[in-house]
Every structure is written in C-alpha cells, then in structure tokens.
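A.B. asks: Numbering (the working numbering), first residue to last: 266 to 961. Cβ coordinates follow ideal geometry from the N, Cα and C atoms, glycine included. Starting off with a structure, shown below.
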Amino acid sequence: MRSRSICIDAASGGVRFPLLLALALLLWPALAGPARAGDVEDCGGPPTDKAEAACSGIINDTARSTEDRTKAFTGRSRFDIARGKIDQALSDADAAVQLNGQFVPVLIARGYVQQRKGSLDQARADFDRAIELEPKNPFGFLARGNLRADQHAWSDAISDYGQAITLRQDLPAAHVGRARAYVETGQPDLALADANTAIAVNAGTPNAFYWRGQAYRRKGDMDKAIEDFSRAIAQAPQAERNAYFARAQLYSAKGDYVRAIGDFDRLLTMLPDNKEIQQQRQQALAMQAELAKAGGGTPPHAAPTPATPAPGATAPRTAAQAPAAGNQQVEQAKQLVAQGNYAGAVANLTQVLGGDPRNEAALRLRALAYSKLGRSADARNDLNALLKLKPDDPQLLASRALNAAGMRRFDEAMADAGRAITLDQNNSLAYLARGLVKAGTGKVQDALADYDHSISLNPKETLAFTERGLAHIGLNQLDKALLDFDQALALVPTNLIAKSWRGLALMLKGRADEGLVDIDAVLERSPNNPTAQLGRGLAMLTSSQYDRAIAAFDQIITRAPNDAFPHVLRARAYLGLKKPDNAMKDLNFILSARPDYQPALTLRGITWSALRNYDKAVEDLDRAIAQKETVEGLFARAKAHEALNHADKATEDFRKATRLTPSSVFDVLAQAESKRKVQELSKRVPCGNGQSGTCL
C-alpha cells in the first residue's frame, strides 16, 4: 500500500479520499431533475460559483417544492465538498436528509462527509441505508467499499467493490478500489487485472496507475512499477505525493540515487518539514557519495552472491563460469540449485569432488547448496578448502566471514572480513559480514554504518537490506525497517526473512491486517519460521488472547531461550493476565544479560507499577527514557509519578506523551490514554478565574 510510505499519507492524505471524491463527481448528474430547467440544471452541474448560486437560489425560495429544495441542498453540499468546506457540506446534507431521508444521492454524499470527519459508524449507517433503498445502485456499494478499505477491512471491501462492478462493469473507481484491496492482501495478479480494466475504461482514472505500480512492486518488477508511478505523476504532478515517494524508494533500491534525490527534492517542496522524506534524502545522498568515493559507476564487486544462508542468493560467479565440457555433473548441479533442489545438487557435487577434490567450481557450488540447506559447518569446510587453493581471494574471505558470523564465530568472522577489506576496499560482502559481527556483539550503530557502506557499493544485495532492517528493528525504528524490508523483497520476492520481519514490523505499527498477509505467506511456505510464529503470537497479544499468546511465545522461547524479544512479548501477555510476578521473571532474565535493553526496561517499569512499587518503576523508566523517549515510557512514568503524588512531573510526562509521534501499537494505545488523562487533569487545574481555559 502506500503502506510503505506512511509518512507521506499522514502528511498529505493524498490517496485516502480521492476515490470517494470521484464518486461525488459521478453522482452530480443524478441531482438534476425535471423541475425548472435552468436553475436546477445549473445546480446539478459542475461545482462552479454559478452552480452554488443556483442551488442557494432554490434553497432560499420557500415556494419551491420539497423535491427541488432537497436536490438543491444536495447540490450545494457536493459543491462544498469540492471546495473542502466539510462542515458546510455536512450542514447542507443534513438539511437535505431532513427534507427527504430516502434521497439516495444525499445519503451517499453525507456518508462521505461523515467519513471525512472521522464519524465512521454514521458514515456506514448512511451507506447501508442507501444500499437498502437502492440495492441496484452501484455507487452505494462503491462508497461502502471505500469506507471498508480505509478501515482495512479488506475482504468486506473486495465484496462491496465486486457488487458495484457487477452492477456496472465500466465503473473505474470500483476497479481501482478493488485493486488497492488486492495489493493490501498480497494478491498482486488480481490487482493488476483490476487496474488494467480501470485504465482501459478511462486512462485518466485517479490512482489507477499508482495502484498498478504497487502491484508490480509487490511482484518485484521495479521497472514497470517505476513506469506506472511516473504515469501517475504525469497525470497529477502537484498531487501525486505517494507516487513520488514510492518512485524515489525504487530508484534508491536500483542504485539510481540522482533520480531518487530529485523525487525527494520535489516532495520537500510540497512537505518541507517532513522528517521521513528528509532522512531518506540524506540516506540517498550518503549512498551517492560513497559510490563516488568508490570511483563511480558499478563497483567491481557490484553483484556478489555469497555462499551464505541468505534467502534468494544465487550461485557464485566463478561457479557460473565453470566450463561445461568434461564436467556435466557440475552443470546438472547448477540446474538443481536453480530449481531449489539443494540436496540433489550436493549429491552430484560430492561425486565430482570424490574424484577431483580440488574442483573449484564444484566446491563453490556445494558451499552454496550446503548454506541453503542450513548446513553451515559443511559449507565452511568447502570454503576452507577453496581458501587453501586461493588464500588471497577477497570474495572467498568475505563469504567465509558471512558463514562465521552466521555461526556466531565473531572473532573469525571479523578477521576474515578485515582481511578481505584490506585486499579489496570495495568488497561489499566484507562490509556486510563486518556489520553482522558488530550487530551480533551489540554495536548496532556501528553495524548500520557498515550496512550503509555495503549497500552503497552494491545496492542489489537483498541480505544487506534485510540485515539493515533488522538493525533498525533493534533500535525501534520501525518505519526505516519497513523501507529496508520492502527493498529487500523488491530484489528477491522469496526472501522469507525480510517478509516475516516486514509482517512483524507492520503488526508492531498497529497494522495487523497488512502484517498478517506477510506472516501467513511465510508460514504457508515455512510453518516453523520463528519470526512468523512470533507475528502470530503478537496478533494474539494485541487482540487480548493472552493465554494463546503465551503458548505461542513459549514454543519460540524453547527454541531460542536467549532471544530477548519473545521474552518481552510474553511479559506483556502475563501483564494482560494480571500476573506481574511471571512478567518480572522474563524481564529480569533479559536484563541480567542486557542491563540497558530499552524495551525490557520500559516494561519492567510498568511491571513495578503493577506491583505498586512506584519508586522502582520510576527508576527503570528513567533509564529507558534516557535512551529513547517513547509514548509508552512517558505515559508509564507519568502514572508512576501520579501514584507518588508528584503532580508536576506526572503532568509534564502526560503532556509529552500526547505530543510524541507513536512508533508502535503500544505507543498508540498509550497516547490515547495520555490524551484522555490530559483532558481529565485540565478539568481539575483551571487557570486564572477558571472561566477561560486551563493551565495544561
């Protein structure tokens, strides 16, 4: 969805309502009636000053019929909608409904306005009533489909769009709406079919090219996606902010930093204070600078394919160059690797190496196949054998460094990566391996620097984006992580690590419907994937199914007892069950090994409050907030201060919590509570004579 450009949507609303606005435009001709040709036709025409005057003239003429005045109020309401006068539009729509509560065009118009104002239940009631009165009117289903899409009720939205299309095949807005829903639910081929239909009916349909571009992006076809985002921009260069953002991301993923920076610059003329755009522009500039330092163009090792467990990796270049003549089994093994039959490839290559243990092509290919099978020790043996043949080969050293990092043999990995960099300072794999070591030893910021440099040298390596995304997860930078996982999947759509973590990050952002699409897709292919299982557990946790969540986290912790994140999530579930002692065991276990782990410190502070030990709660929360201010941390500390009768400190934290941007679903919940608390406190703390506002 524009989902991967949330910052732009939040700032501009650029894709949220245009389909409904198009709906309002489509409804205008239906307002004209047989009454008095001139003014009624003017009132029902395009939203001009003349139309508004005609509608107002009918409304002010008390001698006019109820039917005429109903249509005039409806016409002026859609004029107000077109001019962005939402409150006036609602007032006129209410007046029309008072005159005739069964006039379907005004019910749909009022539902649209209610949706714009955030009154979703009232909007739904108007759309339901319109459909009840005219079940053959496609616009009622289109309107309700748009509402359901904005509520992320994708299955219901698809159903409503389908009804609208059944009633009127040539309704482009319904095809675009359904294309969006198909993109969101991971069905890009169906999305393409709908977007193509919309474009065939009317190539000027708003958002048709944008959502077709997103469908191509989901399929990993970056070039076609860029082409469609460009066509969306060409149609509305002043409004298509989401298309600019999506195109800039894809340009960055392709290493075309000049064009990416150009799109970010254009966005910043529209949204000069948007931090996310500023950060991504700076990142593109940094990558461009690193590429220039490396000598410009494509570095010598621009497309390495290491023998590592990274998903989507392909056979090393040297293996691909192995001569077919006299080595048929190696060629057969290459085909088996391409087909994903790694065990078969190992069997073939073992036979070859039995007769020729120094066969370099066979050793490289078998190391890759072993890595794909998760047999890291066997892969390392083959890499050792290769390095005896070529001790100064930087690619082999970097591959062995990656292998060692995956096995948590950090000293060996660092030694190999350092030597590879000494031999070839443009070796992207070596920087990636060194980043893995730094991340594995808790030096996440240093790891990010290596990942950035690796990507600047080779923007085609899915593992680099995946690992950088994981580093951002560790720093609770979910938006940045999502961008990296997106780019990793654009490069290799079958990257299950990136897909599972993208799903988990979306769920942590509170976008469970989108996240579960990725989680379910991973579990379908890999039922025991720990990250996807963690996502399922998180879904249970956020839907208050605490017992089931704990059972899910138990299984994960049994397999990875030292992984901090599932312990923290299980502690949350225990708190949901009002079992703070159990939560404390999980948190103490993590903090004994990682005393400054911010998520655990925050949650332990909350747990101390549940145990009514507010002094210790404040102590832990102070340490957590010193590392990073979060909405949840500030809200929890405010509650602890309030319990300790520290009114000033509590008020200050509550206010800060309402102003900070939420970074997780837990922050969103805490911010809602903070706002409620500030409102409550404002009634207790009047300013001056108590008649003119409050001190908060």
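Check each candidate in LEU515, ILE498, ALA554 and ALA551 and name the one with the smallest Cα separation from ARG963.
C.D. replies: Outside the displayed range of the chain (266 to 961) lies residue 963, so it cannot be described from this structure.
A.B. asks: For GLY639, which three-state DSSP category applies?
C.D. replies: Note: GLY639 maps to coil in three-state DSSP.
A.B. asks: In terms of residues, what are the limits of the alpha helix (DSSP H) holding LYS599?
C.D. replies: Note, LYS599: alpha helix (DSSP H), 593-603.
A.B. asks: With distance defined between alpha-carbon atoms, name the residue in GLY485, SER356 and VAL466 nearest to GLN752.
C.D. replies: Among GLY485, SER356 and VAL466, the Cα nearest to that of GLN752 belongs to GLY485.
A.B. asks: Can you give me the start and stop residues for the alpha helix (DSSP H) that GLY780 sits inside?
C.D. replies: Unbroken alpha helix (DSSP H) run through GLY780: 777-790.
A.B. asks: Short check: CB of ASP647 to CB of ALA663, under 7 Å?
C.D. replies: Cβ atoms of ASP647 and ALA663: not closer than 7 Å.
A.B. asks: Looking at the secondary structure, which residues open and close the alpha helix (DSSP H) in which SER809 lies?
C.D. replies: Where SER809 is concerned, there is no enclosing alpha helix (DSSP H), given that its DSSP letter is neither H nor E.
A.B. asks: Please report the distance separating the alpha-carbon of VAL466 from that of LEU436.
C.D. replies: Straight-line Cα distance between these residues: approximately 8 Å.
A.B. asks: Given a cut-off of 7 Å, decide if PHE818 and ARG835 are closer than it, judged by their beta-carbon atoms.
C.D. replies: Yes; because the gap between Cβ atoms is below 7 Å, this pair is in contact.
A.B. asks: What does the Cβ neighbour count give for LYS401, buried or exposed, with the cut at 16 atoms within 10 Å?
C.D. replies: With fewer than 16 Cβ atoms within 10 Å of its Cβ, LYS401 is classed as exposed.
A.B. asks: Given this structure, state the Cα-to-Cα distance separating ARG334 from GLY898, to the nearest angstrom.
C.D. replies: So the two alpha carbons sit approximately 55 Å from each other.
A.B. asks: Give a yes or no on whether the C-beta atoms belonging to LEU806 and ARG837 are separated by under 7 Å.
C.D. replies: For LEU806 and ARG837, yes; Cβs fall inside 7 Å.
A.B. asks: Please state the DSSP three-state secondary structure of VAL757.
C.D. replies: DSSP places VAL757 in coil when its eight states are reduced to three.
A.B. asks: In chain order, what residues of the same chain lie with their CB nearer than 8 Å to the CB of ASP425, ignoring the 5 residues before and after it?
C.D. replies: Same-chain partners within the cutoff: PHE406, LEU407, ARG409, GLY410 and ARG413.
A.B. asks: Can you tell which of SER420, THR462, LEU457 and TYR447 has the C-alpha that lies nearest to the C-alpha of ARG433?
C.D. replies: Ranking the options by Cα distance to ARG433, first place goes to THR462.
A.B. asks: Name the residue from ALA525, GLY609 and PRO864 whose alpha carbon lies nearest to the alpha carbon of TYR509.
C.D. replies: Of the candidates ALA525, GLY609 and PRO864, the one whose C-alpha sits nearest the C-alpha of TYR509 is ALA525.
A.B. asks: Please identify the residue among ASN691, HIS737, ALA937 and LEU803 whose C-alpha is closest to the C-alpha of HIS718.
C.D. replies: Per the Cα distances, ASN691.
A.B. asks: For GLN514, which of helix, strand or coil comes out of DSSP?
C.D. replies: In the structure shown, GLN514 sits in a helix (DSSP, three-state: H, G or I).
A.B. asks: Whole-angstrom Cβ separation of ALA848 and LEU840, contact assumed at under 8 Å?
C.D. replies: So it is a contact: roughly 5 Å between Cβ atoms.
A.B. asks: Quick one: what does DSSP say GLU449 is sitting in, helix, strand or coil?
C.D. replies: Here GLU449 sits in helix by DSSP.
A.B. asks: Give the straight-line distance between the Cα atoms of ASN649 and PRO656, rounded to the nearest whole angstrom.
C.D. replies: Rounded to the nearest angstrom, the two C-alpha atoms are 9 Å apart.
A.B. asks: Report yes if the CB atom of ARG902 is closer than 7 Å to the CB atom of ASP918, and no otherwise.
C.D. replies: A contact, by the Cβ cut-off of 7 Å.
A.B. asks: Looking at the structure shown, is MET849 part of a helix, part of a strand, or coil, going by DSSP?
C.D. replies: Three-state result, MET849: helix.
A.B. asks: If you check the beta carbons only, do GLY322 and ASP304 fall under 7 Å apart?
C.D. replies: Closer than 7 Å, so yes.
A.B. asks: For the candidate residues ASP643, ASP749 and ALA429, whose alpha-carbon lies nearest to that of GLU726?
C.D. replies: With distances taken between Cα atoms, GLU726 lies closest to ASP749.
A.B. asks: Indicate the three-state DSSP secondary structure (helix, strand or coil) for ASN461 in the structure shown.
C.D. replies: ASN461: helix per DSSP, three-state reduction.
A.B. asks: Which of the three DSSP states is assigned to GLY898 in this structure?
C.D. replies: Here GLY898 sits in helix by DSSP.
A.B. asks: Can you name, in chain order, every residue of its own chain whose Cβ lies under 6 Å from the Cβ of LYS745, other than the five neighbours on each side?
C.D. replies: Cβ neighbours of LYS745 beyond the five flanking positions: HIS737.
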